[in-house]
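All remarks here apply to the structure that follows.
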């Protein structure tokens, strides 16, 4: 699905859905998820269909995730940081979060 063009660069650890993964410094959340083999970022509120990153430049909103407890973040625009906790967003985000 997604293959890196080399294996160089410093890495850090982020947690995605409770599972630690290694990501390159400078990756976005969406690119780190794709590189780790995670095939979707969210599900739709109505049908529950899985949605994956599409444009990777902040236009389409298909890569919405919860980052460190803050929902509906565009994973393609958020750079990874050491210790970051990311969760796939299932359906509609709860009000008040």
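Numbering (our numbering), first residue to last: 971 to 1067. Note that CB positions come from ideal geometry on N, CA and C, so glycine has one too.
- With contacts defined by Cβ atoms closer than 7 angstroms, residue 1000 and residue 1023 form a contacting pair.
- Between residue 990 and residue 1062, the CB-CB gap reaches or exceeds 7 angstroms.
- Looking at 979, 1013, 1038, the one whose alpha-carbon comes closest to that of residue 986 is 1038.
- With contacts defined as CB atoms closer than 7 angstroms, residue 1026 and residue 1011 fail to qualify as a contacting pair.
- Each residue's CA atom was taken as its position, placing residue 981 and residue 1004 some 15 angstroms apart.
- Considering only 984, 978, 976, the residue with the shortest C-alpha distance to residue 1057 is 984.
- Excluding the 5 residues flanking it on each side, residue 1054 has same chain C-beta neighbours closer than 8 angstroms at 984, 985, 999, 1037, 1038, in chain order.
- Our two residues, residue 1031 and residue 1060, have alpha carbons roughly 14 angstroms apart in a direct line.
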